[in-house]
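Visitor:
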Amino acid sequence: MDSIKKYISEHKNRFLDELIDLLKMPSISADTAYTQDVIETASNVKEALLKAGCDISEICETDGYPIIYGEKIIDSELPTVLVYGHYDVQPADPINLWTSPPFEPVIKKTELHPDGAIFARGACDDKGQMYMHVKALEYMVKTNNLPCNVKFMIEGEEEVGSNNLSIFVANNKEKLANDIILISDTGMIANDVPSITTGLRGLSYVEVEVTGPNRDLHSGLYGGAVANPINILTKMIASLHDENNHITIPGFYDKVEELSKEERAEMAKAPFSIENYQKALDIDAVYGEEGYTTNERNSIRPTLDVNGIWGGYTGEGAKTVIASKAYAKISMRLVPNQDWQEITHLFKTHFENIAPKGVTVEVKPHHGGQGYVTPINTIGYQATSKAYETTFGKKPIPQRSGGSIPIVSLFEKELNSKTILMGFGLDSDAIHSPNEHFGVWNYLKGIETIPYFYKYYTELFKK
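Encoded structure:
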């Protein structure tokens, strides 16, 4: 294993070039205009797995975008690690806020990334982090350092809810059989403060439509006499939080786990500067549920946020109309024990009930998933901790994340496997936002650290 730094140094430029080529492909799963690009990206990933050392790499068709499966089996008596990742990316909008084109990757130096960061859509979420595993496999195979079996399952629909993944997993349990699942689609506290994500929030995503009159109306002739769907929608949305930013949907908190003072005290040990947080976001104050810290609000508490709202005339100049319809997209991040389908039902019932006369409301569920907490007393966590300690020189901090990877709970249910969330991104990497980036140092550090997980996990497994 001493050869890993040397191998990375020798192949650094190629590792970066290969990732940049992957990032040039606009694999936006949410937009059918990019269907061919998504399919071509899948082929790219398949070939990359073969070149890295997989004996099998295949495109598995689904009713949506394909799933790439690969494997390198060296001994049936050894443990098997299943690596999950995704090759699809979020839309790049708003394009005008990017400082460089989202699918023309460029490396720029920043304050947090003095060695440079790759700016491109998907750089951190998840192409860069997924590709670390491909290159880690390459190193282990080429230098005869692969200590166990490895399988890959890389999908193309994560950013739109992984609708076909559950079917694929249920139909391929033997193919996907493993001892532990490894995912890099999360982050860490800082480059000098490694951390392991031990919890994820669940998700319920809905779209709402408020309809008033049967057509757009002249706001002078009808204003004040007819319910305005946009006015009504904004009032309804505003009522979803009370004066303490507590969500007002009946039953919403019934299954929310209240962490003990001891657990909250452990969380508070993670380094955090509220001043730096506000400065990085260019805000003069934080905001959220009364009685909780910023790090608690974005990890162990559920939330409800409007992701988009529209209706009426939004073009240049003025058009005095009362719109016939108004719309909003709303996401709710959920904590473990909250069932996403139950929460979706509670939202739908409540939102329809608070609609005043004069409008009709339709709630359209999109997708969702359960939250997840991974134990820290397993050999998987111990191996991960030891791997970080080897390459970072310090023990990682266990940390719950505010993000969602809905398929993690599915994996445990269908494959009976625990998941390790081994992320190397930073909160400042602007995933899902303009100017998404991933540090060159982080990318290479991931490639360096992952093989140690394989080494230590295999050693602990054999004991």
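Under this note's numbering, the residue at position 418 of the sequence shown is numbered 424, and the numbers go up by one with no gaps. All C-beta atoms in this analysis are idealised placements derived from N, C-alpha and C, irrespective of residue type, glycine included.
1. How many angstroms separate the CA atom of Ala393 from the CA atom of Phe459?
2. Locate the beta strand (DSSP E) running through Pro457, then write down its first and last residues.
3. Does any C-beta atom of chain C lie closer than 8 angstroms to the C-beta of Leu340?
4. Near Phe357, which residues of its chain fall below 7 angstroms by C-beta distance, leaving aside the five closest residues on each side in sequence?
5. Starting from Thr208 and walking both ways along the beta strand (DSSP E), at which residues does that stretch end?
6. Give me the residue from Gly317, Asn178 and Glu454 with the minimum Cα distance to Met159.
7. With H, G and I counted as helix, E and B as strand and the rest as coil, what does DSSP make of Met159?
8. Quick one: grab the DSSP three-state call for Gln344.
9. Using only the alpha-carbon positions, how far apart do Val199 and His119 sit?
10. For Gln405, list the residues DSSP reports as bridge partners.
11. Pop quiz: Asn155 and Leu84 are said to be a contact at Cβ under 8 angstroms. What is the actual Cβ separation, rounded to whole angstroms?
12. Going by other Cβ atoms of all chains shown within 10 Å of its Cβ, with 16 needed for buried, is Pro256 buried or exposed?
13. Considering just the uninterrupted stretch of the alpha helix (DSSP H) at Ser281, what are its terminal residues?
14. Report the partner residues of Leu188 according to the DSSP bridge assignment.
15. Give the straight-line distance between the Cα atoms of Val112 and His443, rounded to the nearest whole angstrom.
16. Is the beta carbon of Val87 less than 8 angstroms from the beta carbon of Ile186?
17. In angstroms, rounded to a whole number, what distance separates the CA positions of Ser439 and Asp81?
18. Assuming the contact rule is C-beta atoms closer than 8 angstroms, Phe174 and Cys66 should be a hit. Round their C-beta distance to whole Å, please.
19. Within 10 Å of its beta-carbon, does Ile453 have 16 or more other beta-carbons around it, so buried, or fewer, so exposed?
Guide: Straight from the coordinates:
1. Working through the sequence shown from its first residue, we reach residue 393 at position 387. Working through the sequence shown from its first residue, we reach residue 459 at position 453. Taking the straight line from one Cα to the other gives about 5 angstroms.
2. Stepping through the sequence shown from its first residue, residue 457 is reached at position 451. Note, Pro457: premise wrong, no beta strand (DSSP E); alpha helix (DSSP H) at Val446 to Lys468.
3. Annotation note: the requested chain C is absent from the structure, which comprises a single protein chain.
4. Your numbering for residue 357 matches position 351 in the sequence shown. So the list reads Val214, Met242, Val367 and Val369, once near-sequence residues are dropped.
5. Position 202 of the sequence shown holds residue 208. A small correction: the amino acid at residue 208 is Gly; Thr does not occupy that position in the sequence shown. First-last of the beta strand (DSSP E) with Gly208: Gly208 to Thr217.
6. In the sequence shown, counting from the first residue as 1, residue 159 sits at position 153. Considering only alpha carbons, the answer is Asn178.
7. By 1-based counting over the sequence shown, the position of residue 159 is 153. If DSSP states are grouped into helix, strand and coil, Met159 belongs with the strands.
8. In the sequence shown, residue 344 corresponds to position 338, counting from 1. Coil.
9. Mapped onto the sequence shown, residue 199 falls at position 193. Mapped onto the sequence shown, residue 119 falls at position 113. Approximately 15 angstroms, taken between the alpha carbons.
10. Stepping through the sequence shown from its first residue, residue 405 is reached at position 399. For Gln405, which the question treats as bridged, DSSP gives the partners Thr203.
11. On the sequence shown, position 149 is the one that residue 155 refers to. On the sequence shown, position 78 is the one that residue 84 refers to. Correct: roughly 6 angstroms between the Cβ atoms.
12. Position 250 of the sequence shown, counting from 1, holds the residue named residue 256. With fewer than 16 Cβ atoms within 10 Å of its Cβ, Pro256 is classed as exposed.
13. Translated into positions along the sequence shown, residue 281 becomes position 275. Looking at the sequence provided, one finds Glu at residue 281 rather than Ser. Its alpha helix (DSSP H) spans residues Ile280 to Leu287.
14. Walking along the sequence shown from the start, residue 188 turns up at place 182. DSSP output for Leu188 lists Val89 and Ile426 as bridge partner(s).
15. Sequence index remark: in the sequence shown, residue 112 carries index 106 (1-based). Sequence index remark: in the sequence shown, residue 443 carries index 437 (1-based). Rounded to the nearest angstrom, the two C-alpha atoms are 9 angstroms apart.
16. Counting from 1 along the sequence shown, the entry for residue 87 is found at position 81. Counting from 1 along the sequence shown, the entry for residue 186 is found at position 180. Yes, the pair counts as a contact, with Cβ atoms nearer than the cut-off.
17. The residue you call residue 439 lines up with position 433 of the sequence shown. The residue you call residue 81 lines up with position 75 of the sequence shown. Using only the alpha carbons, I get a separation of about 43 angstroms.
18. If you number the sequence shown from 1, residue 174 lands on position 168. If you number the sequence shown from 1, residue 66 lands on position 60. The Cβ separation is near 7 angstroms, so the contact holds.
19. The sequence position of residue 453 within the sequence shown is 447, counting from 1. When all chains shown are included, Ile453 counts as buried.
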